[in-house]
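Protein chains: 2
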Amino acid sequence: MKDIPRATVRRLARYLQGLDEVASLTVSSNDIANAVGVSAAQVRRDLSYLGHQGIRGVGYETDHLRSTLRRELGLLENVGVAIVGAGHLGQALAGYGGFDERGFTISGLYDVDPRKVGNVVHGYPIKHLDRLSDDARARRFAIAIIATPAEAAPEVLRRLAEAGVRSVLNFAPAALRPPSSVEVRNVDLSTELQILSFYRGRQSNGAG
Amino acid sequence: MKDIPRATVRRLARYLQGLDEVASLTVSSNDIANAVGVSAAQVRRDLSYLGHQGIRGVGYETDHLRSTLRRELGLLENVGVAIVGAGHLGQALAGYGGFDERGFTISGLYDVDPRKVGNVVHGYPIKHLDRLSDDARARRFAIAIIATPAEAAPEVLRRLAEAGVRSVLNFAPAALRPPSSVEVRNVDLSTELQILSFYRGRQSNGAG
DNA sequence: CTCTGTGAAACACTTCACAGCG
DNA sequence: CGCTGTGAAGTGTTTCACAGAG
Chain A
205 MKDIPRATVR RLARYLQGLD EVASLTVSSN DIANAVGVSA AQVRRDLSYL GHQGIRGVGY
265 ETDHLRSTLR RELGLLENVG VAIVGAGHLG QALAGYGGFD ERGFTISGLY DVDPRKVGNV
325 VHGYPIKHLD RLSDDARARR FAIAIIATPA EAAPEVLRRL AEAGVRSVLN FAPAALRPPS
385 SVEVRNVDLS TELQILSFYR GRQSNGAG
Chain B
205 MKDIPRATVR RLARYLQGLD EVASLTVSSN DIANAVGVSA AQVRRDLSYL GHQGIRGVGY
265 ETDHLRSTLR RELGLLENVG VAIVGAGHLG QALAGYGGFD ERGFTISGLY DVDPRKVGNV
325 VHGYPIKHLD RLSDDARARR FAIAIIATPA EAAPEVLRRL AEAGVRSVLN FAPAALRPPS
385 SVEVRNVDLS TELQILSFYR GRQSNGAG
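Chains as they are written, first to last, in our numbering: chain A, 205 to 412; chain B, 205 to 412.
Rendered as structure tokens:
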């Protein structure tokens with residue numbers, strides 16, 4: 205089976221979410237395309253990387269497609285996620301909603317503030333940061349979200365990497381230099397705003 | 205002057221931030237490449253879209269490059285940003301830090317909760333959502349960040365679009381269908397986690 | 001001799017358009 | 001007939017490799 209293009213992986217996640225709103229037994233590439241805002245040809249091409257999933261003249265069987273996408277994304281069973289940093293951002297992330305139904309389970313929040321440790325936020329316990337490494341080694345989570353201040357981010361990443369965590373989503377506005385064993389995805393507010401700023405005044409669209 | 209590729213625009217914002225850490229008078233494409241994690245050839249190609257900026261045998265003059273990037277990104281003077289939704293996420297965004305130095309000024313937060321309206325968060329006033337349209341029409345901000353619950357997002361977008369706002373950064377986990385006049389960039393937690401999940405176990409990297 | 005700027009080649013991704021299955 | 005799956009063409013992006021400026 206050929207490698208799935210990076211651009212396709214990103215859209216597969218969107219298709220999976222688009223299917224949430226679908227009640228009918230089957231969906232056509234056109235339905236999906238309209239739901240998530242890409243071309244129908246794009247949807248068919250993307251899904252073709254997963255093998256023959258559709259029925260000609262009909263479309264895709266909704267349930268079957270959903271589980272194929274989940275399997276392909278490694279979400280057959282829920283994946284544990286740790287949130288590091290229990291400030292406003294960390295708490296907002298914990299309350300984001302729909303974690304479980306999207307295939308994730310928050311294993312816990314971590315902070316260094318003794319006034320926070322022990323509290324429960326949105327049903328999740330705040331643990332002391334010193335327990336992060338042990339919990340990682342015990343495989344209580346597979347993905348970590350860094351929601352600390354920028355200064356703390358490199359040290360948190362170091363601990364995570366050392367404890368064998370290989371997937372990190374970084375919200376701290378810090379340029380992290382991960383070892384090659386760790387995949388870091390950065391969500392950077394000012395980068396996003398700067399991109400929007402560039403296109404301000406230009407007519408073109410930007411479905412990034 | 206040729207059009208700047210989308211992929212390049214995204215990186216220009218990163219280069220600008222990378223320059224923050226540079227103290228020396230000049231930087232080479234290699235220096236920048238190492239700072240932000242792309243290839244040196246990529247940096248040179250990207251910067252070449254801005255015209256001849258460098259000095260052969262030396263590199264780029266740091267200050268000059270910084271202001272060229274700022275100009276190109278439309279950040280010569282600070283851009284007003286409204287944060288819609290003053291829950292944990294909105295408050296976290298307001299406290300993100302470095303807004304001003306990155307070229308943005310928060311013009312205000314908006315919420316519907318009467319207990320929040322009138323409060324000041326991180327130095328920014330929370331206004332009632334009903335004032336959003338007027339403030340937009342008065343051009344108090346050019347970019348809006350949606351940090352509301354998913355249910356509220358479509359209506360907020362509608363109001364923003366109607367009031368002439370053309371750039372929106374959406375943090376709500378909702379599939380927005382903007383009119384073509386509005387550029388929406390989505391930051392979706394579960395999409396990011398699902399992408400990380402896909403690459404978990406695979407060796408390859410993924411600098412999105 | 002170093003480091004930029006850039007043709008040309010390579011690679012990645014998207015769209016077109018249609019054969020063929022159900 | 002409708003809708004998938006996919007060659008082939010088109011477009012966008014990255015890398016190579018080197019001429020040439022300082």
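A virtual CB, placed ideally from N, CA and C, is assigned to each residue, including glycine.
The structure presented is a predicted model; accordingly, all values stated were derived computationally and were not measured.
{"Asked": "Whether Phe345 of chain B touches Asp338 of chain B by CB criterion (8 Å)", "Found": "no"}
{"Asked": "Cβ neighbour criterion (16 or more within 10 Å) applied to Asp392 of chain A", "Found": "buried"}
{"Asked": "Identity of the residues DSSP links to His332 of chain A by a beta bridge", "Found": "A:Asp315"}
{"Asked": "Any C-beta of chain B under 8 Å from that of Arg214 of chain A", "Found": "yes"}
{"Asked": "Close Cβ partners of Ala244 of chain B (< 6 Å) along its chain, the five nearest in sequence each way excluded", "Found": "Ser233, Asn234, Ala237"}
{"Asked": "Minimum Cβ-Cβ distance from Val316 of chain B to chain A less than 8 Å", "Found": "no"}
{"Asked": "Residue(s) in a DSSP beta bridge with Thr266 of chain B", "Found": "DSSP, once it has assigned bridges, lists no residue as partnering Thr266 of chain B."}
{"Asked": "Proximity test, Cβ basis, 8 Å: Pro358 of chain A and chain B", "Found": "no"}
{"Asked": "Residue-chain proximity (Pro377 of chain A, chain B), Cβ-Cβ < 8 Å", "Found": "yes"}
{"Asked": "Minimum Cβ-Cβ distance from Ile399 of chain A to chain B less than 8 Å", "Found": "yes"}
{"Asked": "Nearest-angstrom beta carbon gap, Asp250 of chain B and Leu216 of chain B [assumed within contact, 8 Å]", "Found": "6 Å"}
{"Asked": "Inter-residue spacing [alpha-carbon to alpha-carbon] between Phe375 of chain A and Pro377 of chain B", "Found": "16 Å"}
{"Asked": "Delimiting residues of the alpha helix (DSSP H) encompassing Ile349 of chain B", "Found": "Looking at the DSSP string, Ile349 of chain B is not in any alpha helix (DSSP H); the run it does join, the beta strand (DSSP E), is 347-350."}
{"Asked": "Residue environment, Ser252 of chain B, which counts as buried when at least 16 other CB atoms sit within 10 Å", "Found": "exposed"}
{"Asked": "7 Å Cβ shell around Val240 of chain B - same chain, five flanking residues per side excluded", "Found": "Arg218, Tyr219, Gly222"}
{"Asked": "Coarse secondary structure for Gly258 of chain B, derived from DSSP in three states", "Found": "strand"}
{"Asked": "Contact set for Arg406 of chain A: own chain, Cβ-Cβ below 6 Å, skip 5 residues either direction", "Found": "none"}
{"Asked": "Inter-residue Cα distance where the pair is Val316 of chain A and Glu225 of chain B", "Found": "27 Å"}
{"Asked": "Cα-Cα separation between Gly291 of chain B and Pro353 of chain A, rounded to whole angstroms", "Found": "19 Å"}
{"Asked": "Segment contact flag, the region 288-307 of chain B with the region 321-339 of chain B, C-beta cutoff 8 Å, min 3 pairs", "Found": "yes"}
{"Asked": "Assigned secondary structure, Phe303 of chain B (DSSP; H/G/I helix, E/B strand, else coil)", "Found": "coil"}
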